[in-house]
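Enquirer: Be aware that the sequence shown starts at 26, since it is given in the numbering used here, and climbs by one per residue.
Just dropping this structure here.
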Amino acid sequence: MVRGMKTRMFRLFIYIFVFAVAGGTLVSCKEKPMGVDEIYKNDASGVVLIMNRYYYAMNVAGAVVYFTGVDESGELANLTDDIDEITRNSAVAFGTGFFISRDGNILTNRHVVRPEMDKAVVRTGLAKQLGRIKSLFAALRDAAEEQYNQTYYQGIYSGFVDDGRLAELRESFEEYDETVGKIENIDLSDIRIAVSCRVGIAYNGDKVSSPGDFSECTVTKVSGVDDVDLAVIRLNSKKTPKDRYIFHFQSGTKGKRTLLETYWQRMRRDYKGRRLKAGTQLCMIGFNHGPQLAQTSAGLKSQITSGNILQDPDDDRLMYSIPLLEGSSGSPVLNMYGDVVGVNFAKLQGTTSFNFGIPAKKAKEFLGIE
């Protein structure tokens, strides 16, 4: 009996040893860095083009008005009180996102799906328009008063005063006076602005020609921290297509792994090739310039660009030389092992060579994962 137990324990030891060697070999294969082309081929299916159709609503003097932003003259664009009109003339913005789970969750930037407006800028723009409207009504008031005076004196000279016409003109310029007074009394110090968004995505390879070609999504989580420009949107189907890649973070695990593989990953976390420091090569998959560059005869195609970390990173930001254009906001920034090390969110104005990403640590804290 003792001998049989020893035999079984010996066999169990052999099984564990073989499993460990096989598992170690499997993981070590995944530890090898890849080329940019290999990363793109493996990961690109998990990146999506985000389209956001949006407008702003604002309460002014008890009335709700809508606009889509601020134009080049500093005034509010498409200002109207007609909800149907603003819906037809919504602003359109594009960005990038990437799948992080099998239940349709996509990580992107907050500013892609919840574009904010600076209240001070809106107040200035609205004040300009109100000033112009006030001047218009003041001019109309003066014209009505002048016509009233002309009608009155002509009546005196002719011996017939048209009291009905005078009353009509007096009522007219009094109404203009009232309107000018209301405009002057509008308080712009406490305006409240809300944004209304309709978000959809298109996949790599999709052929799109209208908003109807985008799959509808719901914004499920938005960061409330100023320097964490992140948000999660979710497919309304709540299901990621099976042929779409799921991205994983640098110190996390992709899919289901064995205990041994997870341990091996942790042991290798500070492996030289995965440590982030100045000079480390990175790459990014995204939709630079939205659909303009992505449209091809074969459908939408994202782009992969590469560069290097420009300074030793910290927990606040990741600076790199990866070239990018508008539309790449929300793109995954990857090391050469395919791990997400950051989420692209900003570029230094006037250059495409100094750009910034939100470090993986902050992204994981936002998502509530270890």
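Glycine included, C-beta positions come from ideal geometry on N, C-alpha and C.
Being a predicted model, the structure only gives us computed values, none of them experimental.
From the DSSP output, read off the bridge partner residues of K144.
Expert: Walking along the sequence shown from the start, residue 144 turns up at place 119. Its beta-bridge partners do not exist; DSSP assigns none.
Enquirer: From which residue to which residue does the beta strand (DSSP E) around Y201 run?
Expert: Your numbering for residue 201 matches position 176 in the sequence shown. Note, Y201: premise wrong, no beta strand (DSSP E); alpha helix (DSSP H) at D188 to E209.
Enquirer: Which one of K66, K386 and R78 has the shortest CA to CA distance from L255?
Expert: Counted from its first residue, the sequence shown places residue 255 at position 230. Here the closest residue by C-alpha is K386.
Enquirer: What's the call for C308, buried or exposed, on a 16-neighbour Cβ count within 10 Å?
Expert: Start at 1 with the first residue of the sequence shown, and residue 308 comes out as number 283. Buried is the call here.
Enquirer: Over what stretch of residues does the alpha helix (DSSP H) that includes Q317 continue unbroken?
Expert: One-based indexing of the sequence shown puts residue 317 at position 292. Where Q317 is concerned, the enclosing alpha helix (DSSP H) stretches over P316 to A319.
Enquirer: Which of the three DSSP states is assigned to P236 in this structure?
Expert: Taking the first residue of the sequence shown as 1, we reach residue 236 at position 211. Helix.
Enquirer: By the DSSP assignment, the beta strand (DSSP E) with I258 in it spans what residues?
Expert: For the purposes of this step, residue 258 is taken as residue 233 along the sequence shown, with counting starting at 1. Run containing I258: A256 to L260, per the beta strand (DSSP E) assignment.
Enquirer: With distances taken from CA atoms, which of Y177, E390, M344 and D212 is nearest G87?
Expert: Counting from one through the sequence shown, the residue named residue 87 turns up at place 62. Closest option to G87, Cα to Cα, is D212.
Enquirer: Going by C-alpha distance, which of F370, V85 and I111 is nearest E209?
Expert: Counted from its first residue, the sequence shown places residue 209 at position 184. Residue V85 is the option with its Cα nearest to E209.
Enquirer: Let's see if you can read the secondary structure: which residues bound the beta strand (DSSP E) around L92?
Expert: Here residue 92 is taken as the residue at index 67 of the sequence shown, counted from 1. It is worth fixing the name first, because residue 92 is Phe in this sequence and not Leu. F92 -> beta strand (DSSP E) spans A88 to F92.
Enquirer: Give the single residue among F162, T133 and D215 whose Cα lies nearest to the Cα of V72.
Expert: One-based indexing of the sequence shown puts residue 72 at position 47. Checking every option, the nearest Cα to that of V72 belongs to T133.
Enquirer: Who are P384's beta bridge partners in DSSP?
Expert: Taking the sequence shown and counting its residues from 1, one reaches residue 384 at position 359. Note: P384 sits in a beta bridge opposite G367.
Enquirer: Looking at I75: is its Cβ nearer than 8 angstroms to the Cβ of G122?
Expert: As a first step, residue 75 must be located in the sequence shown, where it is residue number 50. As a first step, residue 122 must be located in the sequence shown, where it is residue number 97. It is a contact, given that the beta carbons lie within the stated cut-off.
Enquirer: Who does T75 pair with in a DSSP beta bridge?
Expert: The sequence position of residue 75 within the sequence shown is 50, counting from 1. Sequence inspection shows Ile at residue 75; the Thr mentioned does not correspond to that position. Note: I75 sits in a beta bridge opposite G120 and I226.
Enquirer: Go ahead and pull the three-state DSSP assignment for F274.
Expert: Translated into positions along the sequence shown, residue 274 becomes position 249. Note: F274 maps to strand in three-state DSSP.
Enquirer: Nearest by alpha-carbon distance to F119: which of A319, I125, D167 and D96 is it?
Expert: Along the sequence shown, one-based indexing puts residue 119 at 94. Ranking A319, I125, D167 and D96 by Cα distance to F119 puts A319 first.
Enquirer: Does the beta-carbon of D274 have 16 or more other beta-carbons within 10 angstroms, so that it is buried, or is it exposed?
Expert: Along the sequence shown, one-based indexing puts residue 274 at 249. Position check: residue 274 holds Phe in this sequence, whereas Asp was assumed. Counting Cβ neighbours within 10 Å, F274 comes out buried, since at least 16 surround it.
Enquirer: Would you kindly work out how many angstroms separate the C-alpha atoms of M292 and T305, rounded to a whole number?
Expert: Residue numbering aside, residue 292 sits at position 267 when the sequence shown is read from its first letter. Residue numbering aside, residue 305 sits at position 280 when the sequence shown is read from its first letter. Low confidence applies to M292: its pLDDT is 49, below 50, so where it sits in the model is not reliable, and the reading given next is rough at best. So the alpha carbons of these two residues sit roughly 20 angstroms apart.
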